[in-house]
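Just below is one structure, and these are the notes that go with it.
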Amino acid sequence: FFNAADFVILPYKDIVTSGALILAMSFGRPVIAPDIGCFSELLDESSGILYAPDDPAGLTEAIKNSSGKDAAKMGEASYQKAREFDKDTVARLHVDMYEGLTR
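Each number in the numbering used here comes from the position in the sequence shown (counting from 1) with 493 added on.
Here it is as structure tokens:
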């Protein structure tokens, strides 16, 4: 399904982390998502489209705006960002966080 998509839409209302986001990015797909939680930390205009979650027309406008974007180029940026989260990097970030809590 990811390979068939031009954009992946994740219309969450509330989120802390999203495996679906990293999965979509690992498939080299740009993402349309609300500007909340980890979405705003991991996506930028090169790899996705963020919309205001409290705007009733936000998702609709984001989808309309996607038609003028280079999905392949955004997908490559998305993929490169996902590559930053290999298992060794994620493990190191966790260790650093826990070590910081014990200081």
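Think of the CB as a built atom: it goes at the ideal place given N, C-alpha and C, for glycine as much as any other residue.
*Assuming Met-567 and Ser-539 form a contact by the criterion Cβ under 8 Å, report the distance between their Cβ atoms to the nearest whole angstrom.*
6 Å
*asked:* Taking 8 Å as the threshold (C-beta atoms), are Phe-520 and Phe-495 in contact?
replied: yes
_Using 8 Å for Cβ pairs, my map puts Tyr-544 next to Asp-528. What's the rounded Cβ distance?_
6 Å
*Mark Gly-541 as exposed unless 16 or more other C-beta atoms lie within 10 angstroms of its C-beta, in which case mark it buried.*
buried
*Residues near Arg-522 in its chain [Cβ-Cβ closer than 7 Å; skip 5 each side]*: Phe-495, Ala-498, Phe-500, Val-501, Gly-568, Ser-571
*Determine the extent of the beta strand (DSSP E) in which Gly-521 is found, giving its start and end residues.*
No beta strand (DSSP E) contains Gly-521, which DSSP labels as neither H nor E.
*Using three-state DSSP, classify Ile-515 as helix, strand or coil.*
helix
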